[in-house]
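In the working numbering, the protein residues as written are 1 to 84. Quick reminder that beta carbons are idealized off the backbone N, C-alpha and C, glycines included. Everything on this sheet refers to the single structure shown next.
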């Protein structure tokens with residue numbers, strides 16, 4: 001298991017809808033391995049995309065709330081009875 005964060009610069013055609021502003025961002029990630037008999041048999045990598053979008057000024061959760069409001073769905077009630 002590791003936390004191999006890296007600093008990257010978005011260039012070229014951009015990445016995942018993010019414009020290539022040449023801005024350096026920290027890409028936070030978690031890396032999990034399953035080792036069997038001394039060999040890596042499985043690998044899972046989780047990337048913190050919400051943090052990445054936040055660094056470039058995209059507020060994903062705010063956009064989701066605005067989208068839900070615009071389509072008239074109103075607040076979303078969670079299974080524990082709490083509203084979004």
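**Q.** Alpha carbon of residue 58 to alpha carbon of residue 47, nearest angstrom
**A.** Position 58 of the chain shown, counted from the first residue, corresponds to residue 58. Position 47 of the chain shown, counted from the first residue, corresponds to residue 47. C-alpha separation (whole angstroms): 16 Å.
Q.
Counting beta carbon pairs with one atom in the region 19-27 and one in the region 63-74, are three or more of them shorter than 8 Å?
A. no
Q) Using DSSP with H/G/I as helix, E/B as strand and the rest coil, what is residue 5? A) Translated into positions along the chain shown, residue 5 becomes position 5. Looking at residue 5 - three-state DSSP - the assignment turns out to be coil, as it is neither helix nor strand.
Q. Roughly how many angstroms lie between the CA atoms of residue 10 and residue 17, to the nearest whole one?
A. Position 10 of the chain shown, counting from 1, holds the residue named residue 10. Position 17 of the chain shown, counting from 1, holds the residue named residue 17. Taking the straight line joining both Cα atoms gives about 11 Å.
Q: Taking the CB atoms as reference points, tell me whether residue 20 and residue 12 lie closer together than 7 Å.
A: For the purposes of this step, residue 20 is identified with residue 20 of the chain shown, where counting begins at 1. For the purposes of this step, residue 12 is identified with residue 12 of the chain shown, where counting begins at 1. In contact: residue 20 and residue 12 (Cβ atoms closer than 7 Å).
Q: Identify whether residue 31 lies in helix, strand or coil by the three-state DSSP scheme.
A: One-based indexing of the chain shown puts residue 31 at position 31. Strand at residue 31.
**Q.** Presumed contact (8 Å Cβ cut-off) between residue 35 and residue 50, rounded CB distance
**A.** As a working note, residue 35 is residue 35 in the chain shown. As a working note, residue 50 is residue 50 in the chain shown. At roughly 29 Å, the Cβ-Cβ gap does not stay under 8 Å, so residue 35 and residue 50 are not in contact.
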